[in-house]
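For the sequence shown, my numbering gives the first residue as 117, with consecutive numbering after it.
Positions of the beta carbon are idealized from the N, C-alpha and C atoms, including for glycine.
Each remark here refers to the structure printed beneath this line.
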Amino acid sequence: MKNIKKEYSNGVVTVVYEPDLCIHSEVCFKGLPDVFQPGTQPWVKAEGATTEEIIRQVQKCPSRALSFYMNGPVDDSEKGPAKAIETGHKVEVFKDGPIMMEGPITLIGSDGRREVVENSCYFCRCGASKNKPFCDGSHKDIGFKE
117 MKNIKKEYSN GVVTVVYEPD LCIHSEVCFK GLPDVFQPGT QPWVKAEGAT
167 TEEIIRQVQK CPSRALSFYM NGPVDDSEKG PAKAIETGHK VEVFKDGPIM
217 MEGPITLIGS DGRREVVENS CYFCRCGASK NKPFCDGSHK DIGFKE
């Protein structure tokens, strides 16, 4: 994988696109065609919808090829320690496998970027995933045991 990341901003939110993760499900442009326009340059027109609409659509990306981060604090309530927007409902550790967390949660990456995960997600515990922090099944290939 090349780890290419492209960023598109409307000044408030920045959409991050990682083409190596994209499975071309068409969810993005079918849901928000004024923003996501494959075949044009640039293909993400961040000024084509409200920040809230863009965030909601990016959160629907099944491969997580699309993510976002806020360009700065929206208001004073976001200052201080990072907090989850909503708390997960269930966390389950699978024997010799990943950790499953039921959403909605806010995942804050090591680079400070925030990603809201609305449904269940699976986090890597073995360290071999090529899609960290998410599990890609590599634990089976390397024989990961607790």
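Short check: CB of residue 137 to CB of residue 181, under 7 Å?
Taking 7 Å as the Cβ cut-off, residue 137 and residue 181 qualify as a contacting pair.
Measure the C-alpha to C-alpha separation of residue 174 and residue 237 and round it to an integer number of angstroms.
Taking the straight line from one Cα to the other gives about 15 Å.
Helix, strand or coil, according to DSSP, for residue 122 in the structure here?
In this structure, residue 122 counts as strand in the three-state DSSP scheme.
Answer with buried or exposed for residue 251, where buried requires no fewer than 16 other C-beta atoms within 10 angstroms of its C-beta.
Looking at its Cβ environment, which holds 16 or more other Cβ atoms inside 10 Å, residue 251 is buried.
Applying the 10 Å Cβ sphere with the 16-neighbour rule, what's the burial state of residue 219?
Per the 10 Å Cβ criterion, buried.
Terminal residues of the continuous beta strand (DSSP E) containing residue 237?
Where residue 237 is concerned, the enclosing beta strand (DSSP E) stretches over 237-239.
Taking CB distances under 7 Å as the criterion, tell me whether residue 232 reaches chain B.
The structure shown contains no chain B; it holds only a single protein chain.
Starting from residue 230, trace the beta strand (DSSP E) both ways and give me its first and last residue.
Element bounds for residue 230: 230-233.
In the structure shown, what three-state DSSP assignment does residue 204 receive?
Here residue 204 scores only 47 on pLDDT, less than 50, and its place in the model should not be relied on; the value that follows carries that caveat. Note: residue 204 maps to coil in three-state DSSP.
Using CA coordinates, which residue listed in 130, 172, 120 and 129 is at the minimum distance from residue 145?
Nearest of 130, 172, 120 and 129 to residue 145, Cα basis: 172.
Could you pull out every residue in the same chain whose Cβ sits closer than 7 Å to the Cβ of residue 147, ignoring the five residues on either side in sequence?
Here the set comprises 173 and 176.
Would you list the one or two residues that DSSP bridges to residue 160?
Answer is 152.
To which residues of the same chain is residue 141 closer than 6 Å at the C-beta, ignoring the five residues directly before and after it?
Excluding positions up to five away in sequence, the list reads 178.
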